[in-house]
Every structure is written in C-alpha cells, then in structure tokens.
Amino acid sequence: MTQVLAKPVESKAPASPAERTARRRAVLEWVGIHSLGVAAALFFTLPFVFVFLTSLMSGSQALSRDLVPRTWEWGNYAAVFDTPGFLTWWRNTLLYAGAGTVLTVVSSIPVAYALAKFRFRGRDLSLMLVISMMMLPPQVVVIPMYLFWAKQLDLSGTLWPLIIPMAFGDAFSIFLLRQFLTTIPNEYLDAARVDGCGDLRTLLRVVLPMAKPGIAAVALFQFFYAWNDYFGPQIYASENPGAWTLSYGLESFKGAHHTDWNLTMAATVLVMAPVILVFFFAQKAFVEGVTLTGVKG
Amino acid sequence: MSTVTPASKGRSAGLAAKQRRQALRTAAFMSPWLIGFAVFFAYPLISTVYFSFMHYDGFGTPTWTGTRNWTYVFENYPLFWPALRNTLWLVLIMVTLRVLFGLGIGLLITKIKTGTGVFRTLFYLPYLAPPVAATMAFAFLLNPGTGPVNSILEGIGVPAPGWFNDPSWSKPALTLLALWGIGDLMVIFMAALLDVPREQYEAAELDGASAWQRFRFVTLPNISPIVMFAVVTGVIQTMQYYAQPLIAGKVASGVIQGAGTQFEPGYPDKSTLTLPQLVYNLGFQRFDYGSACVVALVLFALSMAFTGLLMRRRGGLIQAGD
Numbered sequence: 001m002t003q004v005l006a007k008p009v010e011s012k013a014p015a016s017p018a019e020r021t022a023r024r025r026a027v028l029e030w031v032g033i034h035s036l037g038v039a040a041a042l043f044f045t046l047p048f049v050f051v052f053l054t055s056l057m058s059g060s061q062a063l064s065r066d067l068v069p070r071t072w073e074w075g076n077y078a079a080v081f082d083t084p085g086f087l088t089w090w091r092n093t094l095l096y097a098g099a100g101t102v103l104t105v106v107s108s109i110p111v112a113y114a115l116a117k118f119r120f121r122g123r124d125l126s127l128m129l130v131i132s133m134m135m136l137p138p139q140v141v142v143i144p145m146y147l148f149w150a151k152q153l154d155l156s157g158t159l160w161p162l163i164i165p166m167a168f169g170d171a172f173s174i175f176l177l178r179q180f181l182t183t184i185p186n187e188y189l190d191a192a193r194v195d196g197c198g199d200l201r202t203l204l205r206v207v208l209p210m211a212k213p214g215i216a217a218v219a220l221f222q223f224f225y226a227w228n229d230y231f232g233p234q235i236y237a238s239e240n241p242g243a244w245t246l247s248y249g250l251e252s253f254k255g256a257h258h259t260d261w262n263l264t265m266a267a268t269v270l271v272m273a274p275v276i277l278v279f280f281f282a283q284k285a286f287v288e289g290v291t292l293t294g295v296k297g
Numbered sequence: 001m002s003t004v005t006p007a008s009k010g011r012s013a014g015l016a017a018k019q020r021r022q023a024l025r026t027a028a029f030m031s032p033w034l035i036g037f038a039v040f041f042a043y044p045l046i047s048t049v050y051f052s053f054m055h056y057d058g059f060g061t062p063t064w065t066g067t068r069n070w071t072y073v074f075e076n077y078p079l080f081w082p083a084l085r086n087t088l089w090l091v092l093i094m095v096t097l098r099v100l101f102g103l104g105i106g107l108l109i110t111k112i113k114t115g116t117g118v119f120r121t122l123f124y125l126p127y128l129a130p131p132v133a134a135t136m137a138f139a140f141l142l143n144p145g146t147g148p149v150n151s152i153l154e155g156i157g158v159p160a161p162g163w164f165n166d167p168s169w170s171k172p173a174l175t176l177l178a179l180w181g182i183g184d185l186m187v188i189f190m191a192a193l194l195d196v197p198r199e200q201y202e203a204a205e206l207d208g209a210s211a212w213q214r215f216r217f218v219t220l221p222n223i224s225p226i227v228m229f230a231v232v233t234g235v236i237q238t239m240q241y242y243a244q245p246l247i248a249g250k251v252a253s254g255v256i257q258g259a260g261t262q263f264e265p266g267y268p269d270k271s272t273l274t275l276p277q278l279v280y281n282l283g284f285q286r287f288d289y290g291s292a293c294v295v296a297l298v299l300f301a302l303s304m305a306f307t308g309l310l311m312r313r314r315g316g317l318i319q320a321g322d
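Taken in order, these protein sequences are the chains called W and V.
For the first sequence, the UniProt record's numbering begins at 1 and goes up steadily by one.
For the second sequence, the UniProt record's numbering begins at 1 and goes up steadily by one.
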C-alpha cells in the first residue's frame, strides 16, 4: 500500500507520457486486483461472521431479521455445553479422531514405505488398488460391513466399527505417505544399510525423521476426517446417543432446539472452532499435504 | 534399496534364501494393508455382489431372488432416477463451477501483492469447516424467512429465492456451499500457477501478447494436467456427496430429529437426492439390503470408471500433485 501511494510523489519530475500511462495502469491494476481480493474475502468470511453474531443473539432476536445482536448473550455457549450429551459427543469425537489418527499413522507408514522403496512383484498393482480404495465411496461396501460389525460382532451402537479398521492402513494415508517417501533419496537408505541397519531400523531411525512433514499432514487429514465424518457414526452409532460424535450430534441438536437458531449456531461454532484452531497451529503441514496429493481426506 | 532380482541362471542357495527373506520382509511391511484390503474391501465387495441377488431384511436367512432387486431399482424404485439426474446436474454444473472458481481464486491469489498471507488464509478457511457444521450454517444463512442473505437481498431490492426450500434452488444453494469451500482447489491451482516458467510469460510479453493471450497460450497449456486432475477428482467426490445434501434437506424440511426418526431423503421434491443417500434409504430405512447393494454396485461402477480415467495417464494425473 505505502509503496503504491508513494509512487505519485516520486514522479513529480516530468515523466514521459508513455511512462505515466504505464504507471497509472500499474496502480489501476493493483486497485482492481485488491478490490477483487476484498470482495472474495467478504464472500469467504461473512458466513462465519453472521453465524458467530447469531450465536450471540437472544432466542427471539435470532428469529428476527437483525444482523447484529442487541444484547451479547455469551450465556448461549454455556447453554450449549449444558445440553445433555454435548460433552459426551466431545469425548467420543476426541476418541474417534485421536485413536483413529494414531492407528492410521502407525499402520500406514510401513505399507507406504514398502510401496515407495521396496521392489517386488505386484507393487504397481497394489498401488493401483490403494488408489481405487481411496476413490471408493464408503457406501459401496457398507451393507456387508454393517452386517459384519452388527450381526457377527455385535458392535453396533459403538464407534469401534469405525476405529478398528484404521489399524489396518487407510488408503488415502498410504497414498499420501508413499508420495512423500518417494521423494527421499535412496542414498540415505543405502548409507543406513552400509552402517548395518536392518529394514525396520532404517525406517525408524532414518526415514521417519525425514518424513515428519508427511506424517504430520497424514495425521491432520485423518484427524479432520474423523472429526467431520457423518456417515460412519450415522450407520454404527445412531442407535446409541452415548456413542454419538459432534458431527452427528449437531444434527439432533438442531432437532431438539427447533427454533433456537442462536443455540444451534453456537453449537455450530463449537464444532468448527477446534478444526480451525488446529489448522492455525499446523498450517504449513496441512497446505503441504493438500499440494502433495490434491485429494481431500 | 536392495532388489528382488529376476530369476537368474546361476542362482545359488544363498540367493534363494535372500529372496525368500526379502519376500517375507515385504509381506511383513505390507501386512496391515493386505489384511485391511481382504477384510474391509475384497470380502465386502464380493458380498455386496452376492446380496444384490438376494432378498434380505436383516432377519432370517437371505433368499435368492435372481435379478428382482435390479429390476426393482431401475424400474420401480422412485428415488433412483431422480438421484442419478441430480448427480449429472452436480457433475455438469457444480464441478465445472468449482474448477472455474478455484482457478479464478488461484489466479487472484497469485496476483495479490499486499497481504497475500492474510488473503490466502481467509480464502482457505471455509474448506476446513466440518461439512455438517458448514451445511447447518448455510441452512441458516439461506433460510427464506429470516436468513441474513435474503434479508440483504430484499434490502437491496433483489427478489429472494427459496434456496433449500425450493426444488429449483436447492442444488444452486448446495453449489454455493461447495464454492465457499474452494480452499483445496485454490491451493492446488496456486501451486500449479507458480510453477509456470516465468520466461514463457516474458517471451510472450515481448511478442506483444495481451493478458488474455498470455493466459490462453502460456498459463493454460502449463496447468492443463492440473485442470484435468481437478475435474476428475471433482467427479469422484460428487459420487460420494452425502452429508451436505442430506443435512440441507433435513434442516430445511424441519423434520430433523434424533435417532430413529424416518426422513425421506431428497427434500424438497427429491431435488437433493444423491446416490449414497439411496444406499442408506434402502438399506437402513427400508431394510431392503439386496436393493441397497444394487445401488452400491452402480456407485462402484461409476466411481471406478472415473478412477480408471485418473490412472490411465498416471504420469499426468494422479501424480500431478507432486
């Protein structure tokens, strides 16, 4: 900004007409681009702003057309926390997201390493199958999976049918990690072997420290995946409110507080806030992960 | 990396032992996924095919019905064709607009010189909003009665649409929600745009190319693999489009409630139905597991067709991101 404003002052010395038009065009372009930027920024942020403002209104004002709260009802947030079940949903979500993330990372790393660095027959086929699994909607296999968990193992009404499979590698995480591990030069692995490291030690001592950004990205994606998952809890946990997660519970919250847009919006803010906080702490790893695969988790 | 050499003529016992050791090592490293693949993918997929020919409601034993589930889904299930038509609409319009908008925002962010970091973060944030929460937010923002968007539209004298309550506006409203969460595409396009060699722009400028010509003949050819990638993954994501249309329909219809409440998906007037919702409707609301498996297989075929497209040019598409 200051740079651009300073320019006209410098140019008091008579400049050639061509120079002047070029400069004027540069200023106009700057103004045009940044006006567009501000317009886009409004489009992306105003929904958050309106949701937040509504979450602080009184119940009756939230049903009016007002955009700004007359009185700031911070108690709405306390009311949300007091809703029966809300804290349970939090705990369940943290369990699902936390345990799921740890299991996914631990089980996906060796697979991704093998796919990236070992040479064996069937490797390309395995990679193709991993990509296919990654692209498959979860609904394709849900009927037999549900029958398996509910009828054979009697685990419906819990989150275990969602957590246990994560101990067996997650296609998206394997793919993302594999992409990352292929960028590690083989010379490091050869050097480790010359030093007498076995495969497992090479993985743990040499590869993992270098793969930290990739692992961080996978962990984040997996955490967000579990946090956001609606279909999984709907299938396996819906019959037991004690096993609901935030994403699933939020919907029933709207049902119970039919006309209380202020409380529903406060709950919505509380579901969004942790994800956004985590993002600010781990922005770099996250954006790296997106560019690495370009596929969302 | 040590390699498993192809069978050679003078293969000694030591070499064979080494190969066996390496095969064992590979199997050990691959084992989590091998088990996962068998138990959570191959078995249920085969089982889905099996159930698609069975009548099964969750009790008793499945009984063979031949192709009756298939003819039911294609000829008599009232939600199938509307869902397929909606999917086509979403592929043609939502995916196209998302790619164009993502490219536009990507271009914009590479041109912004002041406060780039702040703009980038603001543009990216909505992508992170959990889908259920984001849909809930949009259902409020766009509600025809008291929603801020319609209040503003009426304030400036623009006729306010019914959004999620109007069958012809519900998919545009979902598209708006999808455009709001453009962050993933923005980051991909931004990376691709910054990768275009600077010299090519300079050469084009020397040749007197206009801004449009520079975009058309320098930018576009360089980023076309990424555009293709965005289109194909967009189509695949559309096949999985579930929580947003379901929640939007539920909230707008007002019948949203806790567990066990029946909700005929697609409100208003089947306009928000997508294929994944049919699997849920048939399997978990109508307890017709056989027909649910038929829809699941249609979904499988469609997803695999587009994934095949993605992998056929692996060098250009699936690895486009790295």
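For every residue, glycine included, the Cβ atom is placed at its ideal position computed from N, Cα and C.
Membership of residue 75 of chain V in any alpha helix (DSSP H) is not indicated, and neither H nor E is assigned to it by DSSP. Beta-carbon to beta-carbon, residue 297 of chain V and residue 12 of chain V are separated by about 50 Å, too far to satisfy the 8 Å threshold. Annotation note: the segment 54 to 133 of chain V contains the following uninterrupted alpha helix (DSSP H) runs of length 4 or greater, listed N- to C-terminal: 68 to 71, 80 to 89, 96 to 111 and 116 to 128.
No Cβ of chain V is located within less than 7 Å of the beta carbon of residue 71 of chain W.
Under the Cβ criterion of 7 Å, residue 19 of chain V is not counted among the residues facing chain W.
Taking all protein chains in view, the Cβ of residue 251 of chain W is crowded by 16 or more other Cβ atoms within 10 Å, so the residue is classified as buried.
Unbroken alpha helix (DSSP H) stretches of 4 residues or longer found wholly inside the segment 186 to 221 of chain V: 198 to 206 and 211 to 214, given in chain order. In this structure, the beta-carbon distance from residue 268 of chain W to residue 133 of chain V falls below 7 Å. One finds nothing in chain V with a Cβ atom closer than 9 Å to the Cβ of residue 284 of chain W; even the nearest lies about 12 Å away.
Taking 8 Å as the cut-off between beta carbons, the residues of the segment 217 to 229 of chain W near chain V are 224, 227 and 228, in sequence order. For residue 228 of chain V, there are no neighbours in chain W by C-beta distance under 7 Å, as the nearest C-beta there is about 11 Å away. Close CB contacts of residue 90 of chain V within its chain, under the 6 Å cut and outside five residues either way in sequence, are with 238 (chain order). In terms of CA proximity to residue 209 of chain W, W/189 leads the group W/228, W/64, W/148 and W/189. In the structure shown, residue 21 of chain V adopts helical secondary structure according to DSSP, grouped into three states. Proximity of residue 110 of chain W to chain V, defined by a Cβ-Cβ separation below 7 Å, is satisfied. Within the segment 122 to 143 of chain W, 126, 128, 129, 130, 131, 132, 133, 135, 136, 137, 138, 139, 140, 141, 142 and 143 place their CB atoms closer than 8 Å to a CB of chain V, listed in sequence order.
When rounded, the separation of the alpha-carbon atoms in residue 222 of chain V and residue 231 of chain V is 16 Å. In terms of Cβ geometry, residue 231 of chain W and residue 161 of chain W do not form a close pair [threshold 7 Å]. Inter-residue distance for residue 67 of chain W and residue 54 of chain W is about 7 Å (C-alpha atoms, whole angstroms).
Residue 219 of chain V and residue 193 of chain V have their C-alpha atoms spaced approximately 7 Å apart. Residues of chain V whose Cβ lies closer than 7 Å to the Cβ of residue 37 of chain W are, in chain order, 108, 112 and 119. The segment 265 to 299 of chain V is shown to contain whole alpha helix (DSSP H) runs of 4 or more residues at 275 to 280, in chain order. Counting C-beta atoms within 10 angstroms of its own C-beta, residue 19 of chain W has fewer than 16 neighbours from the protein chains shown and is therefore classed as exposed.
At a C-beta separation below 8 Å, residue 94 of chain V has no neighbours in chain W, since its nearest C-beta there lies roughly 15 Å away. Per DSSP, the continuous alpha helix (DSSP H) segment holding residue 89 of chain W begins and ends at 86 to 117.
Residues of chain W with a Cβ closer than 8 Å to the Cβ of residue 40 of chain V are, in chain order, 141, 145, 165 and 168. Put simply, the backbone Cα of residue 261 of chain W is about 42 Å away from that of residue 177 of chain W. For residue 59 of chain W and residue 273 of chain W, the gap between their C-alpha atoms comes out near 22 Å.
Residues of chain W whose Cβ lies closer than 7 Å to the Cβ of residue 161 of chain V do not exist, since the nearest Cβ in that chain is about 16 Å away. Contact between residue 110 of chain W and residue 32 of chain V holds, since their C-beta atoms are separated by about 7 Å, short of 8 Å. With a contact defined as Cβ atoms closer than 8 Å, residue 46 of chain V and residue 105 of chain V miss out at about 43 Å. Within chain V, no C-beta atom comes nearer than 7 Å to that of residue 57 of chain W; the closest sits roughly 11 Å away. Residue burial is scored here from C-beta neighbours: residue 29 of chain W has fewer than 16 other C-beta atoms within 10 angstroms and is therefore classed as exposed. With a threshold of 7 Å between beta carbons, residue 64 of chain V makes no contact with chain W.
In summary, residue 194 of chain W is exposed, with fewer than 16 beta-carbon neighbours lying within 10 Å of its beta-carbon over all protein chains present. In terms of beta-carbon proximity, residue 289 of chain V lines the interface with chain W, with at least one pair separated by less than 7 Å.
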